[in-house]
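Q:
2 protein chains.
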Amino acid sequence: MKVKLGIKNCLYPMPTTLVGALVKGKPNYLTIAHVGIMDLTSVSLGMNKGHYTNQGIKDHKTFSINLPSVKLVKETDYCGLNSGMTKDKADIFKTFYGALETAPMIEECAVNMECELIKTVDFPKHDIFVGRIAETYCDEAVLTDGNVDFDKVQPILFVMNDRSYWKIGEKIGKAWSIGKELTNKK
Amino acid sequence: MKVKLGIKNCLYPMPTTLVGALVKGKPNYLTIAHVGIMDLTSVSLGMNKGHYTNQGIKDHKTFSINLPSVKLVKETDYCGLNSGMTKDKADIFKTFYGALETAPMIEECAVNMECELIKTVDFPKHDIFVGRIAETYCDEAVLTDGNVDFDKVQPILFVMNDRSYWKIGEKIGKAWSIGKELTNKK
Chain A
1 MKVKLGIKNC LYPMPTTLVG ALVKGKPNYL TIAHVGIMDL TSVSLGMNKG
51 HYTNQGIKDH KTFSINLPSV KLVKETDYCG LNSGMTKDKA DIFKTFYGAL
101 ETAPMIEECA VNMECELIKT VDFPKHDIFV GRIAETYCDE AVLTDGNVDF
151 DKVQPILFVM NDRSYWKIGE KIGKAWSIGK ELTNKK
Chain B
1001 MKVKLGIKNC LYPMPTTLVG ALVKGKPNYL TIAHVGIMDL TSVSLGMNKG
1051 HYTNQGIKDH KTFSINLPSV KLVKETDYCG LNSGMTKDKA DIFKTFYGAL
1101 ETAPMIEECA VNMECELIKT VDFPKHDIFV GRIAETYCDE AVLTDGNVDF
1151 DKVQPILFVM NDRSYWKIGE KIGKAWSIGK ELTNKK
């Protein structure tokens, strides 16, 4: 039995990220799970215009996306609860920089992508920042056969509906493969 | 120890969806996990221009996003393996329509969002379709206290890096809450 929920975004779970930007000369990290993938090398951030971080991204035209693990869930939530306007969030993590030089990244996060801003889409209350990945960094420890292994990354998933964080579960199959069984039947 | 991976998208896992559209007068469903959230009511699809479905979305300016559960992983993968150009994918599922009338939705998926196309962002090989949710439908069975409960939905997560599907794991905390402990310390 289907029920109507009105205009309710249910496109979850999403990966919880820490977005890094240089704001007023200092690294700042903000928790963002309203993210997206445009194509294989481009990603988007849906960021409320009220965030302190937005101006830093506009100024330098760079940002980073860092994937915190479940071990960092408190630090991650802290970065969503507190604005860089009033709290210095640079001292929570060890910052490093890559080729772009103005996209601060978090050493403690196993995966880091530094991005160049290629487009901003204007929404009523949000800046949608679209970035092209310039370089991806990761801890050697989370690689399996040269690939990032998300079982080792242990990312934090986010669901807005009940404002909760989740772990990733078990792998259930190969994409572009597990459905072949049906193709053969049809 | 950080290693460089080059330009490697690691913004995963993403929710695996079945995108519904009316193409040449028939419902068609395509597997898409390169999705995104723009703001609370708007979502994006990153769809290779080669897909059969794109023209249907352009023609009717509507589409649906359906969340298959892990029980439908084979059917879901099948819809990614086979193009509507050569296979009739409408007969795999029971289709229903909502207020928009041209956005076919899948009865067997616990959560369905019908969307109006509000913007298309042109990428070299991809159409980025941005839609505003017009109505959300869900099975009564996946609600807990009136909220969509993702433990009941059992969505399929997708990781491109090793082309795999995953289950959601356990809930680990409340957002805008679990980090308060640190706020009080700092």
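Protein sequences, first through last, are from chains A and B.
Read in the working numbering, the first sequence has 30 at position 30, and its numbers run on one by one without any break.
Read in the working numbering, the second sequence has 1035 at position 35, and its numbers run on one by one without any break.
Beta carbons: idealized from backbone N, C-alpha and C, even for Gly.
Please read these numbers as outputs of a predicted model, since none were measured by experiment.
1) Can you list the residues of chain A that B:GLY1169 reaches, using a CB-CB cut of under 7 Å?
2) Compile a chain-ordered list of the residues in the stretch 1060–1071 of chain B whose CB is closer than 8 Å to at least one CB of chain A.
3) List the residues that DSSP assigns as beta-bridge partners of B:PRO1155.
4) State buried or exposed for B:MET1105, treating a residue as buried only when at least 16 other CB atoms are found within 10 Å of its CB.
5) Apply the 10 Å Cβ neighbour rule to A:VAL3 and answer buried if 16 or more other Cβ atoms are within range, or exposed otherwise.
6) Shorter than 7 Å from the beta carbon of B:TYR1052 to some beta carbon of chain A?
7) With DSSP as the reference, please indicate the residues paired to A:MET105 in a beta bridge.
8) Beta-carbon of A:ASP122 versus every beta-carbon of chain B: anything under 7 Å?
9) Count the C-beta pairs between the stretch 41–49 of chain A and the stretch 115–134 of chain A that are closer than 8 Å, then say yes if the count reaches three, no if not.
10) Would you give the residue range spanned by the beta strand (DSSP E) that A:ILE57 belongs to?
11) For A:GLY50, count the other beta carbons within 10 Å of its own beta carbon; 16 or more makes it buried, fewer makes it exposed. Which is it?
12) I think A:ILE133 touches B:ASN1161, with their Cβ atoms under 8 Å apart; what is that distance to the nearest whole Å?
13) At the level of alpha carbons, what is the spacing between B:LYS1167 and A:GLY173?
14) Looking at C-alpha atoms only, which residue of A:CYS138, A:VAL73, A:VAL19 is the closest neighbour of A:THR31?
15) Can you find a C-beta in chain B that's less than 7 Å from the C-beta of A:LEU18?
16) What residues in the stretch 1079–1090 of chain B bring their beta carbon closer than 8 Å to a beta carbon of chain A?
17) Between which residues of its own chain and A:VAL23 is the CB-CB distance below 7 Å, once the five residues before and five after are set aside?
18) Given B:THR1120, which residues of its chain have a CB within under 8 Å of its CB, disregarding the five upstream and five downstream residues?
19) If you scan the stretch 11–59 of chain A from start to end, which runs of the beta strand (DSSP E) of 3 or more residues do you find wholly inside it?
20) Rounded to a whole number of angstroms, what is the C-alpha to C-alpha distance between A:CYS115 and A:MET1?
21) Could you tell me how far apart the beta carbons of A:GLY98 and A:GLU135 are, in whole angstroms, since I believe they sit closer than 8 Å?
22) Counting only beta-carbon atoms, is A:LYS74 nearer than 7 Å to chain B?
23) Would you list the residues sitting across from A:VAL148 in a DSSP beta bridge?
24) Going straight from the alpha carbon of B:ILE1092 to that of A:GLU181, what length do you get?
25) Mark A:ALA141 as exposed unless 16 or more other C-beta atoms lie within 10 angstroms of its C-beta, in which case mark it buried.
26) Please work out which residues of its chain come closer than 7 Å, Cβ to Cβ, to B:ILE1065, disregarding the five sequence neighbours upstream and downstream, and give them in chain order.
27) Report buried or exposed for B:PRO1124, applying the criterion of at least 16 other Cβ atoms within 10 angstroms of its Cβ.
28) Tell me which residues share the same chain as B:ALA1021 and place their Cβ nearer than 6 Å to its Cβ, disregarding the 5 neighbours each side in the sequence.
29) If A:THR102 and B:ILE1007 are in contact, beta carbons under 8 Å, what's the gap, nearest whole angstrom?
30) Could you name the residues of chain A that B:LYS1174 contacts, counting a contact when the two beta carbons are closer than 7 Å?
31) For B:LYS1152, I'd like the list of residues in its chain whose CB is within less than 6 Å of its CB, leaving aside the five on either flank, ordered along the chain.
32) Please confirm whether A:HIS34 and B:ILE1156 have their CB atoms less than 7 Å apart.
33) Out of curiosity, what's the CA-to-CA distance linking A:SER69 and A:ALA110?
34) Quick check on A:GLU108 - is its C-beta less than 7 Å from some C-beta in chain B?
35) Taking DSSP as the reference, what is the three-state secondary structure of B:LYS1002?
36) Can you list, in chain order, the residues of the stretch 123–139 of chain A whose Cβ is nearer than 9 Å to any Cβ on chain B?
A: On the basis of the coordinates in this document:
1) TRP166, LYS167, ILE168, GLY169
2) ILE1065, LEU1067, VAL1070
3) B:SER1069
4) buried
5) exposed
6) Residue contact check for B:TYR1052 against chain A: no CB pair falls below 7 Å.
7) A:PHE96
8) No, because no Cβ of chain B sits closer than 7 Å to the Cβ of A:ASP122.
9) Yes, since at least three Cβ pairs between the stretch 41–49 of chain A and the stretch 115–134 of chain A fall closer than 8 Å, the two stretches touch.
10) Counting along the chain, A:ILE57 falls outside any beta strand (DSSP E), though it belongs to the alpha helix (DSSP H) covering 53–60.
11) exposed
12) Going by Cβ atoms, the distance from A:ILE133 to B:ASN1161 rounds to 13 Å, so no, they are not a contact pair.
13) Pairing B:LYS1167 with A:GLY173, the inter-Cα distance amounts to about 10 Å.
14) A:VAL19
15) no
16) Residues passing the 8 Å Cβ filter: CYS1079, GLY1080, LEU1081, ASN1082, LYS1087.
17) TYR52, THR53, GLN55, GLY56, GLY84
18) LYS1058, ASP1127, ILE1128, PHE1129, VAL1130
19) 17–23, 26–32, 35–39, 42–48
20) Rounded to whole angstroms, A:CYS115 and A:MET1 show a C-alpha spacing of 44 Å.
21) 5 Å
22) For A:LYS74, at least one C-beta of chain B is nearer than 7 Å to its own C-beta.
23) A:LEU143
24) 14 Å
25) exposed
26) THR1017, VAL1019, VAL1043, MET1113, CYS1115
27) So B:PRO1124 ends up on the exposed side.
28) ASN1028, THR1053, GLY1056, ILE1057, PHE1063
29) Actually they do not touch by this definition, with Cβ atoms about 18 Å apart.
30) ARG163, SER164
31) When the five nearest sequence neighbours on each side are left out, the beta carbons in the same chain lying within less than 6 Å of the beta carbon of B:LYS1152 are those of VAL1142, in order along the chain.
32) no
33) 7 Å
34) no
35) strand
36) PHE123, PRO124, LYS125, HIS126, ILE128, VAL130, ARG132, ILE133, ALA134, GLU135, THR136, TYR137, CYS138, ASP139
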